[in-house]
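Scroll down for the structure; my scribbles are underneath it.
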Amino acid sequence: MKKLFAAAFATLAYAGVNAQTPAKPEMKNAIDSFSYALGLNVANSLKDQGVHDINTEMLKQAFNDVLKTNTPGMTQEVAIHILQNEMQKMGEKKLTAEKAKGQAFLEQNKKKKGVTVLPNGLQYEVLTAGDPAGAKPKAIDTVRVDYVGTTIDGTEFDSSIKRGEPTEFPLNGVIKGWTEILQLMPKGSKWKVYIPSDLAYGDRGAGGHIPGGAVLIFEITLHDIKPAK
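Read in this note's numbering, the sequence shown has 133 at position 147, and its numbers run on one by one without any break.
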């Protein structure tokens, strides 16, 4: 929310740019260039947060009221209240859409040849079987894995491969989907795993690349298991 407030008030610098007039702005001096660059950056930030429908004339008026006449048309407390309400509505709308998109993906994905669906909704494909009779980790064990994580649109948000070395962690210290699926994987196997949002990061999401309600896809290779002592 702090990020939104900072962006929302700073966006006033962008108010004079009308989205319906795509003519290239004329930069007459350094202040013009700075103002446009600032507006561009903030507008992109707001767009990333799902803010699209803005009355630029009202933004321009607020900008002038604050910086030129120091007579804003509402108090900052009222402004914050309005922003909170609108962002809550936008957040709920975005979450609902993300969940619907994820559910539709899982419904189609489970029809693919080779995909297994577990009772809790987890889906997986075996890419490399490993030793079927080999050891499997328990929830209290530590595992050593390589993995690549993406959202359903293919956006990669994490990869031990790119970091150049496997990752080691206690299995009961990660998202539920990982804890559950890795207990089914024998050492040496590589699986592609599709994790519903309620077994991943839920409604809150994680960072800038995993929105709330997102289904996550991981390719996981289980290299080693260190039993709990």
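Just so it is clear, CB atoms sit at the ideal spot from N, CA and C, and this is done for glycine as well.
In this text the structure is predicted, and so the values were computed from the model without any measurement.
* Straight-line Cα distance separating L26 from I161 -> Here the question's residue 161 lines up with position 175 in the sequence shown. Here the question's residue 26 lines up with position 40 in the sequence shown. Computed Cα separation, rounded: 36 Å.
* Asked: So what's G159 in DSSP terms, helix, strand or just coil?
  -> For the purposes of this step, residue 159 is taken as the residue at position 173 of the sequence shown. The answer is helix: DSSP assigns G159 an H, G or I state.
* Considering only residues of the same chain and omitting the five flanking positions on each side of N95, which have a CB-CB separation below 7 Å? -> On the sequence shown, position 109 is the one that residue 95 refers to. Correct list, in chain order: V101, Q109 and Y180.
* **Cβ neighbours of A214 in the same chain (closer than 6 Å, five flanking residues each side left out)** => What you label residue 214 is simply residue 228 of the sequence shown in a count that begins at 1. Within the same chain, I126 and D127 come within 6 Å of A214 by CB-CB distance, once the 5 residues on both sides are set aside.
* Cβ neighbour criterion (16 or more within 10 Å) applied to K176 -> Position 190 of the sequence shown, counting from 1, holds the residue named residue 176. K176 is buried by the Cβ-count criterion.
* Asked: First and last residue of the beta strand (DSSP E) that includes Y22?
  -> On the sequence shown, position 36 is the one that residue 22 refers to. In the DSSP assignment, Y22 falls outside any beta strand (DSSP E) and lies within the alpha helix (DSSP H) extending over A16 to D34.
* Per DSSP, what kind of secondary structure is L(-10) in: helix, strand or coil? -> Here residue -10 refers to the residue found at position 4 when the sequence shown is read from its first residue. Annotation note: pLDDT 48 at L(-10) (below 50); position unreliable, coordinate value reported separately. In the three-state reduction of the DSSP assignment, L(-10) falls in the helix class.
* **Residues near A(-1) by beta carbon distance below 6 Å, same chain, minus five either side** => Locating residue -1 in the sequence shown gives position 13, where the first residue counts as 1. With a pLDDT of only 37 at A(-1), under 50, the local geometry of the prediction cannot be trusted, and no value is derived from it.
* Hey, G116 and P172: beta-carbon distance below 8 Å or not? -> Sequence index remark: in the sequence shown, residue 116 carries index 130 (1-based). Sequence index remark: in the sequence shown, residue 172 carries index 186 (1-based). Taking 8 Å as the Cβ cut-off, G116 and P172 qualify as a contacting pair.
* **Nearest residue (CA-CA) to D189, options G77, S145 and R130** => Taking the first residue of the sequence shown as position 1, residue 189 is located at position 203. Taking each of G77, S145 and R130 in turn and checking the Cα distance to D189, the smallest one comes out for G77.
* In the structure shown, what three-state DSSP assignment does V64 receive? -> Counted from its first residue, the sequence shown places residue 64 at position 78. Taken through DSSP and simplified to helix, strand or coil, V64 comes out as helix.
* **CA-to-CA distance, Q89 to L81, given in whole angstroms** => If you number the sequence shown from 1, residue 81 lands on position 95. If you number the sequence shown from 1, residue 89 lands on position 103. Cα to Cα, L81 sits roughly 12 Å from Q89.
* Asked: Which partner residues does L202 have in the DSSP bridge list?
  -> As a first step, residue 202 must be located in the sequence shown, where it is residue number 216. According to DSSP, L202 bridges with T137 and I181.
* **Of the listed residues F91, M44 and D132, nearest to S183 (C-alpha basis)** => The residue you call residue 183 lines up with position 197 of the sequence shown. Ranking F91, M44 and D132 by Cα distance to S183 puts F91 first.
* To do: Identify the continuous beta strand (DSSP E) that holds E111 and give its terminal residues.
  => Taking the sequence shown and counting its residues from 1, one reaches residue 111 at position 125. E111 -> beta strand (DSSP E) spans Q109 to T114.
* Asked: So what does DSSP say about A5, is it helix, strand or coil?
  -> As a first step, residue 5 is located in the sequence shown; it is residue number 19 there, counting from the start. Interpretation of A5 is limited by its pLDDT of 42, a score under 50 that renders its predicted location unreliable; the figure taken from the coordinates is listed afterwards. Assigned with DSSP and collapsed to three states, A5 falls in coil, not helix or strand.
* L113, buried or exposed, once every other Cβ within 10 Å from all chains shown has been counted against 16 -> As a first step, residue 113 must be located in the sequence shown, where it is residue number 127. With fewer than 16 other Cβ atoms within 10 Å, it is exposed.
* How many angstroms separate the CA atom of N4 from the CA atom of V64? -> On the sequence shown, position 18 is the one that residue 4 refers to. On the sequence shown, position 78 is the one that residue 64 refers to. Unreliable positioning characterises N4 in this predicted model, as indicated by a pLDDT of 41, which lies under 50. The coordinate reading is nonetheless provided below. Each residue's Cα considered, the two are about 26 Å apart.
* Limits of the unbroken beta strand (DSSP E) element including E142 -> Taking the first residue of the sequence shown as position 1, residue 142 is located at position 156. For E142, the uninterrupted beta strand (DSSP E) segment begins and ends at E142 to S145.
* Terminal residues of the continuous alpha helix (DSSP H) containing L45? -> Within the sequence shown, the letter at position 59 stands for residue 45. Counting along the chain, the alpha helix (DSSP H) containing L45 begins and ends at T42 to N50.
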